[in-house]
């Protein structure tokens, strides 16, 4: 975690306004498992 903190401390974070692929994938997987249960 310290490494990430050092990398982002003086860096610029750019938000593109798009949804995260990983988040969308995780949500889709959670919905599928909820339907299967």
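Numbering (our numbering), first residue to last: 0 to 36.
Every residue gets a Cβ at the ideal spot worked out from N, C-alpha and C, and that includes glycine.
C-alpha gap between residue 15 and residue 34, whole angstroms: The straight-line gap from Cα to Cα measures roughly 32 Å.
Alpha-carbon spacing of residue 11 relative to residue 36, whole angstroms: Cα to Cα, the separation comes out at about 43 Å.
Local conformation of residue 19 per DSSP, three classes: Correct three-state label for residue 19: coil.
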